[in-house]
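Below is one structure; the comments refer to it alone.
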Amino acid sequence: MKESARFFKVLSDEARLAMIWLLFHHRELCVCDFMEVLGITQSKASRHLAALRNAGVAKDRKEGLWSYYSLRPAGDPLVDAHMKLLKSSLARRPEARQLIERLDAWLKSKKPGVPCGTSAQLARTSGRRR
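In the working numbering, the protein residues as written are 4 to 133.
Here's what the structure looks like:
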């Protein structure tokens with residue numbers, strides 16, 4: 004029961020739902036991707052991503068100083084069914100399409116091979132917070 008409660012609790016936040024939605028469309032994203040698209044700070048993004056990880060919804064991997072997140076294959080029939088329902092429900096929301104458009108624009112603007120958070124990458128996005 005605890006795992007089910009933790010799963011549903013993590014879905015009760017709009018930022019975490021947005022993060023899940025973005026991960027439905029991109030296999031793996033860096034913390035800076037969430038920061039840019041959602042217009043949130045690194046600490047807020049990391050806190051929400053940790054909640055998703057702790058609830059078993061997301062997994063992370065480290066590459067140097069950077070953390071990358073992806074959806075965890077559930078394996079639990081309850082989680083699988085609700086994630087499918089969540090994806091189809093979010094797809095019908097007008098703001099969901101806008102999030103994907105912002106993410107696609109951000110990913111296009113990133114310099115290949117330049118890590119997030121470097122001065123070269125930050126110079127491209129300064130003053131663009133929402």
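Where is the CB? At the ideal position from N, CA and C, for every residue including glycine.
Look at the beta carbons and you see the region 82-91 not touching the region 41-49: under three pairs across the two are nearer than 8 Å.
At the C-beta level, residue 105 and residue 34 stay beyond 7 Å of one another.
Taken in chain order, the unbroken stretches of alpha helix (DSSP H) that lie wholly in the region 29-65 and span 4 residues or more are 34-41 and 45-57. Counted as a single uninterrupted DSSP element, the alpha helix (DSSP H) harbouring residue 88 occupies residues 80-94. Annotation: residue 8 to residue 95 spans about 25 Å, alpha carbon to alpha carbon.
Taken atom to atom, the span from the alpha-carbon of residue 72 to that of residue 4 is near 26 Å. With a threshold of 16 other beta carbon atoms within 10 Å, residue 64 falls short and is exposed.
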